[in-house]
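> Going letter by letter, the sequence shown gives residues 161 to 274 in this note's numbering. Dropping a structure here in structure tokens format, bear with me for questions.
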Amino acid sequence: MIRFENGAVLHLEFSWAANIKSETRYVELRGTKAGLKWDECDVEIFAEENGHPIDIHPTNCTNLNGHVYNLRNFYDVVIEGAKPCFDPQQGIDMIKILCAIYESAKTGREVVLN
Numbered sequence: 161m162i163r164f165e166n167g168a169v170l171h172l173e174f175s176w177a178a179n180i181k182s183e184t185r186y187v188e189l190r191g192t193k194a195g196l197k198w199d200e201c202d203v204e205i206f207a208e209e210n211g212h213p214i215d216i217h218p219t220n221c222t223n224l225n226g227h228v229y230n231l232r233n234f235y236d237v238v239i240e241g242a243k244p245c246f247d248p249q250q251g252i253d254m255i256k257i258l259c260a261i262y263e264s265a266k267t268g269r270e271v272v273l274n
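Take a look at the structure:
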């Protein structure tokens, strides 16, 4: 679990060796005003409008997984001279977060990042 300064919480759950029938990939975002569920490009947004719950199903979703997107961006950067979708600082920040997750798992305590 990752807790942010504004009180938001990020809960991560993953495994490379789960005892399940098949792999599932999904993301759920839950907020005070709306929620979103992405499941292999089936996107649903749950919100409230005029006091009534609404479900929105965007139709412009492209079925492109993250690995394919990153490989395509790498190709575009090297061959086409495009701008990378991630900058070096974002890579450094991600490594800091991953190291903090490992440290927290090892010690059983919260790790604070500044």
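Note that CB positions come from ideal geometry on N, CA and C, so glycine has one too.
Is K243 helix, strand or coil when you go by DSSP?
Here K243 sits in coil by DSSP.
> Would you report the Cα separation of L231 and N210, rounded to the nearest angstrom?
Cα to Cα, the separation comes out at about 43 Å.
> Output the distance between the C-alpha atoms of K193 and I252, rounded to the nearest integer angstrom.
So the two alpha carbons sit approximately 32 Å from each other.
> Which stretch, first to last residue, makes up the alpha helix (DSSP H) that contains G251?
Start and end: P248 to T267.
> According to DSSP, is V228 helix, strand or coil?
Helix, per DSSP.
> In chain order, what residues of the same chain lie with their CB nearer than 8 Å to the CB of G195, ignoring the 5 residues before and after it?
Around G195: E188, L189, I205, F206 and A207.
> Could you please give the first and the last residue of the uninterrupted beta strand (DSSP E) stretch that includes W198?
Element bounds for W198: A194 to D199.
> Could you name the residues of the same chain whose beta carbon sits closer than 7 Å to that of E263, not counting the 5 residues immediately before and after it, in chain order?
Cβ within range, chain order: V271.
> In the DSSP assignment, the beta strand (DSSP E) including R190 goes from what residue to what residue?
R190 -> beta strand (DSSP E) spans Y186 to R190.
> Grab the span of the beta strand (DSSP E) containing H212 for me, first residue to last.
Start and end: H212 to I216.
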